[in-house]
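Following: one structure in structure tokens, then a few remarks.
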Amino acid sequence: MLDFVDLEADLDAEERMIRDTAREFVQQEVKPDIGEHFVEGTFPTDLITEMGEMGFYAPNLEGYGLPNVSERAYGLLMQELEAGDSGLRSMASVQGALVMYPIHAYGSEAQKEKWLPDMGTGEAVGCFGLTEPEHGSNPSAMETRAEKDGDEYVLNGAKTWITNSPIADVAIVWAKDRSDDDTVRGFLVETDRDGVSTNKIEEKLSLRASITGEIGLNDVRIPEENVLPGVKGMKGPLSCLTQARYGIAWGAVGAARDAFEEAREYATDREQFGKPIGKFQLQQEKLAEQATQITTSQLLVHRLSELKERGDLTPQQVSMAKRNNVRMAREMSRLAREQLGGNGISTDYSPMRHLANMETVYTYEGTHDIHTLVLGQELTGFAAYE
Ligand code: FAD
Numbered sequence: 115m116l117d118f119v120d121l122e123a124d125l126d127a128e129e130r131m132i133r134d135t136a137r138e139f140v141q142q143e144v145k146p147d148i149g150e151h152f153v154e155g156t157f158p159t160d161l162i163t164e165m166g167e168m169g170f171y172a173p174n175l176e177g178y179g180l181p182n183v184s185e186r187a188y189g190l191l192m193q194e195l196e197a198g199d200s201g202l203r204s205m206a207s208v209q210g211a212l213v214m215y216p217i218h219a220y221g222s223e224a225q226k227e228k229w230l231p232d233m234g235t236g237e238a239v240g241c242f243g244l245t246e247p248e249h250g251s252n253p254s255a256m257e258t259r260a261e262k263d264g265d266e267y268v269l270n271g272a273k274t275w276i277t278n279s280p281i282a283d284v285a286i287v288w289a290k291d292r293s294d295d296d297t298v299r300g301f302l303v304e305t306d307r308d309g310v311s312t313n314k315i316e317e318k319l320s321l322r323a324s325i326t327g328e329i330g331l332n333d334v335r336i337p338e339e340n341v342l343p344g345v346k347g348m349k350g351p352l353s354c355l356t357q358a359r360y361g362i363a364w365g366a367v368g369a370a371r372d373a374f375e376e377a378r379e380y381a382t383d384r385e386q387f388g389k390p391i392g393k394f395q396l397q398q399e400k401l402a403e404q405a406t407q408i409t410t411s412q413l414l415v416h417r418l419s420e421l422k423e424r425g426d427l428t429p430q431q432v433s434m435a436k437r438n439n440v441r442m443a444r445e446m447s448r449l450a451r452e453q454l455g456g457n458g459i460s461t462d463y464s465p466m467r468h469l470a471n472m473e474t475v476y477t478y479e480g481t482h483d484i485h486t487l488v489l490g491q492e493l494t495g496f497a498a499y500e
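Heads up, our numbering is the position in the sequence shown plus 114, with the first residue counted as 1.
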């Protein structure tokens, strides 16, 4: 497995153990069927509780049965899951970073006790509803509204492109509170409440092994105690996205590495003109490029894990890593696909699946363009969004 600058040497015993456990899980439980799931457009739902039992959801959080592992261990886990498929890492990212994290950081004690243990084991599934049909890159323009009515809130609006909404037990819905100057708040909405619909989005051409849907909210009544008490404004959803993007920056490296390893193996096995294609300089150049790009992206996330561990990581640093590493994985999985010739477009090999997945990963959690503008603002002091 590619580790060109011996990053392995810096890992402690727990980090190695988590990495190895996740790698073995992906090898044994995911790889055999993931191509079929991708073709069928299904997620291996039987793995949801298995991943919970293995501690794959929010393991970097503390309390409520969560193991509080290092940020690097968490990153290594995301890397191994995405080497299996971006759908798998998305499951862990949404559950852990986008739902458990905000409950842990901003929830009431009752909310934490109700949801965190069950979500940690995968017995309850959560989703994160921020994007709307008319508001993606600019979520602060959201139209979903909450209106106070006695000790209840009434929610109306629509969210779309929501990972796991059709199978979720609870959605964190970000909405503007009409009774508080349209301030954005997070609402815990159980999906079996009257007025909630969660239609599945069919016929995706990317991230096919992941369930994606809408959330319709039609006069949905929730008790006041379902509001996340600890955060107001866009800081709520944006701070969750920073957590998830950190995991994505790690995960993308895993996807690129998996595509590279398939191309490297193919280059030694496949013969043309009487010799392995790996003996041709053009093929070596492609492998050298992939190994170099993967290694430099790995270095970036290893550094980020140190900053995160000591509480110094900034959203802009995460933007740089998400932007760079996902673009890297998109480009390198395409190079790997090329090297497999016609076989490269088959589900028997991973590069084309990773390449297709990267179109989603490039777009969600802040598009590549938006992260470019975040960096532009950091570098110049000028915001160029509008
Ligand atoms: P738009 O914002 O309409 O952007 C269209 C294009 O315009 C993009 O190329 C964008 O980069 C560009 N653009 C926009 N603004 C600017 C600007 N100021 N300057 C330059 N270019 C600009 N959302 C959730 O809330 N929860 C989820 O669980 C979730 N899961 C997802 C799963 C999948 C499979 C997908 C595809 C999306 C998911 N999303 C989720 C939504 C995702 O976050 C949005 O698609 C993303 O934020 C982009 O929004 P948009 O699709 O509306 O595109």
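Note that CB positions come from ideal geometry on N, CA and C, so glycine has one too. Just so it is clear, the structure is predicted and the values come from calculations on it, not from any experiment.
Going by the DSSP bridge assignment, what does residue 385 pair with across the sheet? Paired residues: 390.
Presumed contact (8 Å Cβ cut-off) between residue 201 and residue 279, rounded CB distance: With 8 Å as the limit, residue 201 and residue 279 do not qualify as a contact, their Cβ atoms being about 15 Å apart.
Candidates 230, 467, 223: closest to residue 214 by CA position: 230
Residue 115: buried (16+ other C-beta within 10 angstroms of its C-beta) or exposed? exposed
Is the beta carbon of residue 174 closer than 8 Å to that of residue 164? no
Backbone CA spacing between residue 469 and residue 262 [nearest angstrom]: It is roughly 45 Å from the alpha-carbon of residue 469 to the alpha-carbon of residue 262.
Say the cut is 7 Å; is the CB of residue 314 nearer than that to a heavy atom of ligand 1? no
Consult DSSP for residue 191 and reduce its assignment to one of helix, strand or coil. helix
Compare the C-alpha of residue 274 against each of 294, 266, 389, 314 and name the closest. When only C-alpha atoms are compared, the closest one is 314.
Find the nearest neighbour of residue 435 within the set 421, 248, 448, judged by alpha-carbon distance. Nearest C-alpha to residue 435: 421.
Indicate whether residue 334 and residue 303 have their beta-carbon atoms separated by less than 8 Å. yes
Extent of the continuous alpha helix (DSSP H) to which residue 312 belongs: Careful: residue 312 lies outside any alpha helix (DSSP H) and carries neither H nor E.
Closer than 8 Å to chain B by CB, residue 203: Absent here is chain B; the protein component of the structure consists of one chain.
Any chance the CB of residue 250 is under 7 Å from a heavy atom of ligand 1? Residue 250 has its Cβ nearer than 7 Å to a heavy atom of ligand 1.
Just to confirm, does residue 177 get its C-beta within under 7 Å of one of the non-hydrogen atoms of ligand 1? If you check the C-beta of residue 177 against ligand 1, you find no heavy atom less than 7 Å away.
Taking the C-alpha atoms as reference points, what is the distance between residue 157 and residue 318? 13 Å
Mind pulling the beta strand (DSSP E) runs of 3 or more residues that sit fully within the segment 262 to 343? 266 to 277, 284 to 291, 297 to 304, 326 to 337
Beta-carbon separation of residue 221 and residue 285 under 8 Å? Going by C-beta atoms, residue 221 is not nearer than 8 Å to residue 285.
Below 8 Å on the Cβ atoms is my contact criterion, and I expect residue 281 with residue 159 to pass it. Report the Cβ-Cβ distance as a whole number of Å. 7 Å
Taking C-alpha atoms, which residue in 430, 477, 375, 440 lies nearest to residue 453? For the residues 430, 477, 375, 440, the minimum Cα distance to residue 453 belongs to 375.
Say yes only if the C-beta of residue 167 is nearer than 7 Å to one or more non-hydrogen atoms of ligand 1, and no if none qualify. no
Could you check how far apart the C-beta atoms of residue 178 and residue 209 are, in whole angstroms? I think they sit under 8 Å. Contact flag wrong, Cβ pair sits at about 14 Å.
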